[in-house]
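Each remark here refers to the structure printed beneath this line.
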Amino acid sequence: MLIILFYEGLIESKLFFALLPGLGIAAIGFIDDLKSLSPLLRLLSQILFATGALIILGGLNLSEGGNSSVLWFALTVFGMVWFINLYNFMDGADGYASMEAIFVALAFYIFTKTEVTILLACAIVGFLFWNWPKAKVFMGDVGSTTLGFILIVIGIYFHNQTTIEIYYFLILTSLFWFDATLTILRRAIKREKLTTAHNKHLYQILIRSGYSHIHTLFLGLTINLALLIICILLNRDVIPIPGAFTAVVVLFLIYDRFVHYVYRGRQYDI
Numbered sequence: 008m009l010i011i012l013f014y015e016g017l018i019e020s021k022l023f024f025a026l027l028p029g030l031g032i033a034a035i036g037f038i039d040d041l042k043s044l045s046p047l048l049r050l051l052s053q054i055l056f057a058t059g060a061l062i063i064l065g066g067l068n069l070s071e072g073g074n075s076s077v078l079w080f081a082l083t084v085f086g087m088v089w090f091i092n093l094y095n096f097m098d099g100a101d102g103y104a105s106m107e108a109i110f111v112a113l114a115f116y117i118f119t120k121t122e123v124t125i126l127l128a129c130a131i132v133g134f135l136f137w138n139w140p141k142a143k144v145f146m147g148d149v150g151s152t153t154l155g156f157i158l159i160v161i162g163i164y165f166h167n168q169t170t171i172e173i174y175y176f177l178i179l180t181s182l183f184w185f186d187a188t189l190t191i192l193r194r195a196i197k198r199e200k201l202t203t204a205h206n207k208h209l210y211q212i213l214i215r216s217g218y219s220h221i222h223t224l225f226l227g228l229t230i231n232l233a234l235l236i237i238c239i240l241l242n243r244d245v246i247p248i249p250g251a252f253t254a255v256v257v258l259f260l261i262y263d264r265f266v267h268y269v270y271r272g273r274q275y276d277i
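Using the working numbering, the first residue of the sequence shown is number 8, and each one after it goes up by one.
Here you go:
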């Protein structure tokens with residue numbers, strides 16, 4: 008598909024080549040689905056492919072002249088690898104990761120009017136038909152990690168092209184990174200082994216406590232629409248950047264408290 012888009016001139020060459028390391032991400036995910044790889048091998052492979060993509064993109068520029076700081080480059084690679092993995096962590100409910108990717112792709116189109124984002128959304132809709140609750144086909148590591156890679160690469164690309172700044176990407180994807188980051192921090196505080204499987208993400212708590220996969224999906228979509236409104240207000244200079252992030256933090260604090268309030272007293276270790 009990428010080759011066809013490149014041949015037809017529907018994708019810029021820098022973005023095309025930056026997305027190619029995603030084939031390596033997909034290969035590692037596919038092998039891991041068939042035969043579990045060691046966490047260290049997966050991590051090192053993801054660092055390698057993320058670094059390659061970021062080199063092609065020219066880093067994550069903080070100014071018109073770019074930013075060549077080795078530390079900043081390393082932090083950006085860390086952020087990319089974290090997003091790739093958290094996307095995998097959040098793929099635990101039917102249609103959930105697909106819905107998120109479609110939402111982000113369509114939101115990108117609203118702000119960039121770039122056709123490739125529409126094509127990405129359409130491709131995922133085709134998969135969502137089979138991934139809709141109750142799912143007949145599942146993403147697995149090969150799908151979720153590759154989607155995470157594609158989204159973060161596109162987000163950095165648009166930022167460097169000064170189409171939309173990276174903080175739009177951070178806001179639009181905050182449903183996933185807030186849940187994943189908050190959960191891993193809570194597990195770290197409890198001194199749990201972070202490489203072991205668990206079901207303590209907010210969306211998993213909802214499902215364990217009686218929410219159906221569809222209800223969980225639509226709750227996530229509702230939150231995403233609120234995030235889109237925040238981005239639109241930010242884009243139209245109705246609210247400043249600090250105000251936008253404050254609104255995001257308040258939204259997710261309410262979401263977190265909602266989950267724990269509604270299911271308080273249930274016999275779950277959350």
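Cβ atoms here follow ideal geometry from the backbone N, Cα and C, with glycine treated the same way.
What distance in whole Å lies between the Cβ atoms of residue j and residue i, which are believed to be in contact at a cut-off of 8 Å?
| i | j | result |
| --- | --- | --- |
| I163 | I173 | 7 Å |
| T83 | L61 | 6 Å |
| L158 | V111 | 6 Å |
| L50 | A104 | At roughly 20 Å, the Cβ-Cβ gap does not stay under 8 Å, so L50 and A104 are not in contact. |
| G99 | H222 | Actually they do not touch by this definition, with Cβ atoms about 15 Å apart. |
| A57 | I18 | Not quite, the Cβ-Cβ distance comes to about 20 Å (not below 8 Å), so this is no contact. |
| G59 | P28 | 4 Å |
| V255 | L234 | 7 Å |
Please classify residue i: is it buried, with 16 or more other beta-carbons within 10 angstroms of its beta-carbon, or exposed?
| i | result |
| --- | --- |
| E199 | exposed |
| P278 | Nothing about residue 278 can be read from this structure; the chain reaches only from 8 to 277. |
| D101 | buried |
| R243 | exposed |
| R271 | exposed |
| C129 | exposed |
| N206 | exposed |
| A195 | exposed |
| E122 | exposed |
| V160 | buried |
| H267 | exposed |
| S20 | exposed |
| A108 | buried |
| I5 | This structure does not reach residue 5, given that the chain is present from 8 up to 277, and the question cannot be answered. |
| I63 | buried |
Counting pairs of Cβ atoms below 8 Å between the region 26 to 36 and the region 142 to 151, do you hit three or more?
Touching, yes.
Stretch-stretch touch, CB-based, cutoff 8 Å, three pairs: the region 181 to 189 with the region 165 to 172
Verdict: no, contact absent.
Ignoring anything shorter than 4 residues, give me the alpha helix (DSSP H) runs that lie fully in the region 183 to 251, in order along the chain.
Listed in chain order, the complete alpha helix (DSSP H) runs (minimum 4 residues) inside the region 183 to 251 are 209 to 215 and 220 to 242.
Runs of alpha helix (DSSP H) wholly within the region 101 to 148 (minimum 4 residues, chain order)
Within the region 101 to 148, the complete alpha helix (DSSP H) runs of at least 4 residues are 103 to 119 and 122 to 138.
Can at least three beta-carbon pairs, one atom from the region 250 to 259 and one from the region 233 to 241, be found at a separation below 8 Å?
Flag = yes, the region 250 to 259 and the region 233 to 241 touch.
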